[in-house]
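Residue numbers (my numbering): -16 to 137. Note that CB positions come from ideal geometry on N, CA and C, so glycine has one too.
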């Protein structure tokens, strides 16, 4: 079995490239089809983005079981806006369709490895439980939840 064939289910569609370019057309499919994906929001004019790029690329080669993706915030402004990206580079990690990490700034290699290790160690059942509790609390606290604001139900 070749190294590419044994590198894990997560990278099965992207074995020939270390990173995947995400667009509004392939974002949902890519995230839903992979249980662990790192996303680098960047732009070509951004100096810190250019400094982070080789660190990110190197990590993608070390962690062949994970999907490393990039979103060009200039070409994909809708995606950047949807995730409220205000500073680049921003690294986001999505596990099982849940964003578990998002932080702006160019991480050094050791910090990136630490974040990947922490994300791998997460108990996703606990994460989902916490998310559900937070959503329920927010819904209970929001005035007029379930209405359109006109006195009619949504």
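Checklist entry - How big is the Cα-Cα spacing for residue 38 and residue 7? => result For residue 38 and residue 7, the distance between alpha carbons rounds to 25 angstroms.
Next on the checklist: If I follow the unbroken beta strand (DSSP E) through residue 11, where does it start and stop?
Outcome noted: Premise fails: residue 11 lies in the alpha helix (DSSP H), 10 to 15, not in any beta strand (DSSP E).
Checklist entry - Should residue 125 go down as buried or exposed, given a rule of 16 or more other Cβ atoms within 10 Å for buried? => result Exposed, because fewer than 16 other Cβ atoms sit within 10 Å of the Cβ of residue 125.
Checklist entry - Which stretch, first to last residue, makes up the alpha helix (DSSP H) that contains residue 47? => result Neither: residue 47 is in no alpha helix (DSSP H) and is coded neither H nor E.
Checklist entry - To which residues does DSSP link residue 6 through a beta bridge? => result Answer is none; residue 6 lacks a bridge partner.
Next on the checklist: Just to check my reading of the structure: residue 26 and residue 56 have Cβ atoms closer than 8 angstroms, yes? What is that Cβ distance to the nearest angstrom?
Outcome noted: Yes, residue 26 and residue 56 are in contact; Cβ-Cβ is about 5 angstroms, under 8 angstroms.
Item to check | Member of 41, 106, 95 and 29 whose CA lies at the smallest distance from the CA of residue 75 | outcome: Comparing Cα-Cα distances from residue 75 to each of 41, 106, 95 and 29, the minimum goes to 95.
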